[in-house]
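In this note's numbering, the protein residues as written are -9 to 361.
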C-alpha cells in the first residue's frame, strides 16, 4: 500500500503563477499583494480592517498587546488548543485562566467561563476547534454583561459560519492562520481582523518595528518584525480566491470519512452543530470512552506502521510541562479536555484525498483497533 500523509496543501498552477509574478516584480516586501490580501480577507469575513502578519501567533500577540492586557490581568481561555493561544497571554505577562470544554463540540464551555470570572478578568479568548465555531453568541453575551473583551482565535476556521455569520466576525478582534495544513496557506502567515480602526492601526505599527508616519526610521513604540512578505501574500490572494472550492473539497473528504467509519462502534466521529456551516480544518476522531491513552497510542503506532500519517491532537495545554511549572496545573483539572486528548486521533486530511485513500485509512484504523 502507498503511504498517505497527514496533510498536504493544494497548490495549483495559478498559485505558482501568482508567486512567480512577485518574483519577477522585484518587490518582495511591503508591496501591493499584502494590501490586496488584507482587503480580500476582510471583505470575506465581514470586517472593516485586516493586518497580514507572519503567523497566526503573531496576530494573536498583537491583539493581546494592542488591548493593553498585561501583568495582573486574567484571560479566560481553553486548555484544548494549540499552545500558541496560551503563549500569547503569557508573552504579555497576563495570566491564562483555563476552563473546560464542551465534550461534543470540543470548544470552550460558556457556563464554565461565567463561573471563572473575577475582578481581574480582562478578556475571553475562545478557539474555533478543528474548524467548528465556539458558542460565540453566548460568549458575546457574557463578555458584554461583564464589560470585558472577547477575542476570537479562528486560526482553524476560515470559511466556517455560525447562524450564517462567518467565523472571524465575532468579538473585538479575531485571527486566522495560514500554515500549510490550514484551509488556505501562505506557507507561514496569519491575519488579524477587526472593526476597531485604532486597534488595527496599532497592530500594523507594532508588526512593522513600531514605525509611525514620520518615515522609515521613525519608530514611535516597541515593535516587532511580524510583517508578511509579498511572496506569501501573493499565494494567499490566489488561495483565497479558491476558498469555496477548497472548503467544498474538504467537506467531501469529511463526508467520505463519515460513510467509511460511521458503523464502527469503537469510534466517535466529530460532531457538527445544526447551525454551523463547517469548514473542515482536520478530521479528528476519538476512540470510544472504554479506550485508554495507552490504547490510543498503540493504534497510532499501528497506523504509522502501515504508512498512514496520524497524530494525537491535541495534547492538553495545561499538561504541558512548562505550563504545569508556570501555572501549577495538574492532571485531573479539566476532565473533558483530558478525555478528548487521551482518545483523539487526527487522520490524514487534505482536499485532494481520493475515495480509495479514505478506504485505505479506514481499513487500517479498524484493523489497528482490533489487533
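C-beta atoms are modelled at their ideal positions from N, C-alpha and C, and glycine is treated no differently.
#1: Nearest to residue 200 by CA position, among 211, 94, 11, is which residue?
#2: Using the C-alpha atoms, what's the distance from residue 114 back to residue 91?
#3: Rounded to whole angstroms, how far is the Cβ of residue 140 from the Cβ of residue 160, which I believe are closer than 8 Å?
#4: Tell me whether residue 256 sits in a helix, a strand or coil according to DSSP, three-state version.
#5: Mind reading off the beta-carbon distance from residue 230 to residue 34? Whole number of angstroms is fine, and I expect it under 8 Å.
#6: For residue 343, which residues from the same chain have a beta carbon less than 6 Å from its beta carbon, with the 5 sequence-adjacent residues on both sides left out?
#7: Give me the Cα-Cα distance between residue 256 and residue 327, rounded to the nearest whole angstrom.
#8: Any idea if residue 249 is buried or exposed, counting beta-carbon neighbours within 10 angstroms, 16 or more meaning buried?
#9: Per the DSSP calculation, residue 201 is bridged to which residue(s)?
#10: Can at least three beta-carbon pairs, one atom from the region 268 to 278 and one from the region 38 to 52, be found at a separation below 8 Å?
#11: By DSSP, does residue 175 sit in helix, in strand, or in coil?
#12: Would you kindly check if the distance between the Cβ of residue 88 and the Cβ of residue 304 is under 8 Å?
#13: With 16 as the cutoff for other CB atoms within 10 Å, does residue 125 come out buried or exposed?
#14: Whole alpha helix (DSSP H) runs in the region 99 to 169 with 4 or more residues, listed along the chain?
#15: Would residue 93 and residue 330 qualify as a contact pair, given that the criterion is a beta-carbon distance under 8 Å?
#16: What alpha helix (DSSP H) runs, 4 residues minimum, are completely inside the region 318 to 342?
#17: Considering just the uninterrupted stretch of the alpha helix (DSSP H) at residue 66, what are its terminal residues?
Reading it off the structure:
#1: Locating residue 200 in the chain shown gives position 210, counting from the first residue. Minimum Cα distance to residue 200 is reached at 211.
#2: On the chain shown, residue 91 is found 101 positions in, with the first residue counted as 1. On the chain shown, residue 114 is found 124 positions in, with the first residue counted as 1. One C-alpha to the other measures close to 14 Å.
#3: Counting from one through the chain shown, the residue named residue 140 turns up at place 150. Counting from one through the chain shown, the residue named residue 160 turns up at place 170. Right, the Cβ-Cβ distance comes to about 7 Å (below 8 Å), so this counts as a contact.
#4: The residue you call residue 256 lines up with position 266 of the chain shown. DSSP places residue 256 in coil when its eight states are reduced to three.
#5: Here residue 230 is taken as the residue at index 240 of the chain shown, counted from 1. Here residue 34 is taken as the residue at index 44 of the chain shown, counted from 1. Between residue 34 and residue 230 the Cβ distance is about 7 Å, and since that is below 8 Å, they are a contact.
#6: For the purposes of this step, residue 343 is taken as residue 353 along the chain shown, with counting starting at 1. Excluding sequence neighbours, residue 343 sits near 243.
#7: As a position in the chain shown, residue 256 is number 266, starting the count at 1. As a position in the chain shown, residue 327 is number 337, starting the count at 1. Distance between the alpha carbons of residue 256 and residue 327: 19 Å.
#8: By one-based count along the chain shown, residue 249 stands at place 259. Residue burial is scored here from C-beta neighbours: residue 249 has fewer than 16 other C-beta atoms within 10 angstroms and is therefore classed as exposed.
#9: The sequence position of residue 201 within the chain shown is 211, counting from 1. Paired residues: 209.
#10: no
#11: Position 185 of the chain shown, counted from the first residue, corresponds to residue 175. Reduced to three states, the DSSP call for residue 175 is coil.
#12: As a first step, residue 304 is located in the chain shown; it is residue number 314 there, counting from the start. As a first step, residue 88 is located in the chain shown; it is residue number 98 there, counting from the start. Contact: no.
#13: Along the chain shown, read from residue 1 onward, the residue named residue 125 stands at position 135. Residue environment: residue 125 is assigned as buried (16 or more neighbouring CB atoms within 10 Å of its CB, all protein chains considered).
#14: 100 to 105, 126 to 136
#15: Counted from its first residue, the chain shown places residue 93 at position 103. Counted from its first residue, the chain shown places residue 330 at position 340. Cβ atoms of residue 93 and residue 330: closer than 8 Å.
#16: Entirely contained in the region 318 to 342, the alpha helix (DSSP H) runs reaching 4 residues are, in chain order, 325 to 333.
#17: The residue given as residue 66 occupies position 76 in the chain shown. Residue 66 -> not in any alpha helix (DSSP H); beta strand (DSSP E) instead, spanning 64 to 67.
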